[in-house]
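Data first, discussion second: the structure below is written as structure tokens.
Residue numbers (the working numbering): 148 to 299.
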């Protein structure tokens, strides 16, 4: 009798461990996908890709940079990106992930960055900062819904 009870307990434990591993792996995959999108956004800006916002921001996106007086819409983000490209370009960056939490189709990522911006007059501006990004999973993959951050 004790053997049957022990066998049931062991089998239940094995099944639970299997389910936990599957769910944990799914979460790890989502976290990796989210981080890949964040890195891709920074890489796109460094390469001068003018279409990154159309690809990576939701239509109802609003982002608030530390140096902005108010949150910016997707169209405002695109406009200011064009202005920034007229003044120079990012030539290097490094990202430091702190935390990524995924709940269903929503992800929140916190990270630090270091970047170098080459100005048109050949100066290089180095900056450090932090961001919190919120992404949503769409039929086209993860996209930015909002973010907040910028230079420290």
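Idealized CB from N, CA, C, for every residue including glycine.
- Task: Determine which residues share a DSSP beta bridge with residue 222 and list them.
- Result: Indexing the chain shown from 1 puts residue 222 at position 75. Answer is none; residue 222 lacks a bridge partner.
- Query: Considering only residues of the same chain and omitting the five flanking positions on each side of residue 177, which have a CB-CB separation below 6 Å?
  - Reply: To locate residue 177, count along the chain shown from 1; it is residue 30. Excluding positions up to five away in sequence, the list reads 249.
- For the region 220-255, which segments carrying the beta strand (DSSP E) assignment without a break, of at least 3 residues, lie completely within its bounds, in sequence order? If we require 3 residues or more, the beta strand (DSSP E) runs fully inside the region 220-255 come out as 235-250.
- Nearest CA to the CA of residue 265: which residue from 191, 234, 174? Taking the chain shown and counting its residues from 1, one reaches residue 265 at position 118. Out of 191, 234, 174, the CA that lies nearest to the CA of residue 265 is found in 234.
- Query: Count the other CB atoms within 10 Å of the CB of residue 192; is the residue buried (16 or more) or exposed (fewer)?
  - Reply: The residue given as residue 192 occupies position 45 in the chain shown. Buried, by the Cβ-count rule.
- Counting only the same chain and skipping the five closest in sequence on each side, list residues whose C-beta sits under 8 Å from that of residue 188. The residue given as residue 188 occupies position 41 in the chain shown. Within the same chain, residue 188 has close Cβ partners 199, 203, 291.
- Apply the 10 Å Cβ neighbour rule to residue 226 and answer buried if 16 or more other Cβ atoms are within range, or exposed otherwise. Numbered from 1 along the chain shown, position 79 holds the residue referred to as residue 226. A residue is called buried when at least 16 other Cβ atoms come within 10 angstroms of its Cβ; residue 226 does not meet this threshold and is exposed.
- Message: By the DSSP assignment, the beta strand (DSSP E) with residue 201 in it spans what residues?
- Response: Here the question's residue 201 lines up with position 54 in the chain shown. Looking at the DSSP string, residue 201 is not in any beta strand (DSSP E); the run it does join, the alpha helix (DSSP H), is 199-203.
- Task: On a CA-only basis, which of 263, 254, 196 is nearest residue 274? Give me that one, please.
- Result: Counting from one through the chain shown, the residue named residue 274 turns up at place 127. Among 263, 254, 196, the Cα nearest to that of residue 274 belongs to 263.
- Message: Measuring alpha carbon to alpha carbon, tell me which residue in 196, 282, 267 is nearest residue 206.
- Response: Along the chain shown, read from residue 1 onward, the residue named residue 206 stands at position 59. From the listed residues 196, 282, 267, the smallest Cα separation to residue 206 is found for 282.
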